[in-house]
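Asks: My questions all concern the structure below.
In this note's numbering, the protein residues as written are 49 to 294.
Written out as structure tokens, the structure reads:
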């Protein structure tokens with residue numbers, strides 16, 4: 049396992065959380081650092097949900113110091129989604145049409161959750177805002193007992209390993225990050241994300257702090273917010289948990 053050009057790599061046999069380690073690294077002055085672990089003892093997803101982390105799956109976080117203006121940091125989640133889809137597609141072209149991006153942070157395989165993305169902010173020693181982008185991918189195992197169907201890669205592409213996926217991910221992420229261009233290229237990222245997203249018109253349920261909204265997927269606005277068409281008209285959602293409805 050080697051780092052791509054322009055990036056550093058730290059590999060851990062076991063760690064509490066790759067994202068926590070990435071945040072600590074940013075505070076110590078690191079940049080463009082990948083942290084990959086064989087297993088996590090305290091892996092987490094959004095809203096501090098636990099992330100089951102057995103050996104064989106990919107647990108990787110990328111620490112970026114001041115990669116763009118602070119307001120644009122959340123857009124890097126779309127960069128990560130594109131990078132994951134393109135990394136898997138490069139290894140298993142037949143799966144490309146089965147991979148779907150679900151707003152804001154999931155990759156689906158045949159409409160079952162395959163991967164999750166978690167962004168967390170942290171500042172460098174100079175006080176500049178940075179971000180850690182964590183990615184958990186079910187390569188060899190799919191956790192049970194979740195509130196949605198799950199998938200793992202080996203069931204469809206048995207030749208993919210954690211290491212081969214990470215090597216592919218490094219390349220695709222570097223390419224997508226260059227297109228992002230500190231936020232100036234988000235229009236291109238948005239277009240590529242939508243090309244792999246759920247189809248327009250897909251029925252969705254979005255859980256919000258004040259309740260749930262149902263409607264159909266109407267794309268993203270220019271800032272990456274979810275556009276939902278409801279019975280009472282269009283709604284723009286900045287944050288929420290999305291569930292695909294039949």
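Note that beta-carbon positions come from the ideal geometry of N, C-alpha and C, so glycine has one too.
(1) Report back the beta-carbon spacing between residue 52 and residue 222 to the nearest angstrom; my notes put them in contact at under 8 Å.
(2) Using the Cα positions of residue 252 and residue 169, report the straight-line distance between them to the nearest angstrom.
(3) I'd like to check one pair, residue 183 with residue 85: are the Cβ atoms closer than 7 Å?
(4) Confirm, please, whether the CB-CB distance from residue 290 to residue 151 is below 7 Å.
(5) So, at 6 Å on beta carbons, what are the nonlocal neighbours of residue 262 in its own chain, with the 5 sequence-adjacent residues on each side left out?
(6) Identify whether residue 170 lies in helix, strand or coil by the three-state DSSP scheme.
(7) Would you mind stating whether residue 116 and residue 277 have Cβ atoms separated by less than 7 Å?
(8) In the structure shown, what three-state DSSP assignment does residue 122 receive?
(9) Are residue 268 and residue 127 close, meaning C-beta to C-beta below 7 Å?
(10) Do you know how far the Cα of residue 64 is from the Cα of residue 240?
(11) Helix, strand or coil for residue 102? Go by DSSP, reduced to three states.
(12) Compute the Euclidean distance between the alpha carbons of residue 144 and residue 191, then round it to the nearest angstrom.
(13) From the DSSP output, in three-state form, read off residue 241 for me.
(14) Output the boundary residues of the beta strand (DSSP E) element that contains residue 66.
(15) Rounded to whole angstroms, what is the Cα-Cα separation between residue 173 and residue 125?
(16) Using DSSP bridges, identify the partner residues of residue 275.
(17) Tell me which residues share the same chain as residue 245 and place their Cβ nearer than 6 Å to its Cβ, disregarding the 5 neighbours each side in the sequence.
Replies: The short version:
(1) Their Cβ separation, rounded to whole angstroms, is 6 Å, which keeps residue 52 and residue 222 in contact under 8 Å.
(2) Separation of residue 252 and residue 169 (C-alpha to C-alpha, rounded to the nearest whole angstrom) is 28 Å.
(3) In terms of Cβ geometry, residue 85 and residue 183 do not form a close pair [threshold 7 Å].
(4) Taking a C-beta distance under 7 Å as the contact criterion, residue 151 and residue 290 qualify as a contact pair.
(5) If we look at residue 262 and ignore the five residues flanking it on each side, its Cβ neighbours are 253.
(6) Strand at residue 170.
(7) Taking C-beta atoms as the reference points, residue 116 and residue 277 fail to come closer than 7 Å.
(8) In this structure, residue 122 counts as helix in the three-state DSSP scheme.
(9) Going by C-beta atoms, residue 268 is not nearer than 7 Å to residue 127.
(10) A straight-line Cα-Cα distance of about 33 Å links residue 240 and residue 64.
(11) DSSP places residue 102 in coil when its eight states are reduced to three.
(12) Between residue 144 and residue 191, the C-alpha separation is close to 23 Å.
(13) Residue 241: helix per DSSP, three-state reduction.
(14) From DSSP, residue 66 is part of no beta strand (DSSP E) but of the alpha helix (DSSP H) over 66 to 75.
(15) Between residue 173 and residue 125, the C-alpha separation is close to 24 Å.
(16) Partner(s): 284.
(17) Within the same chain, residue 245 has close Cβ partners 149.
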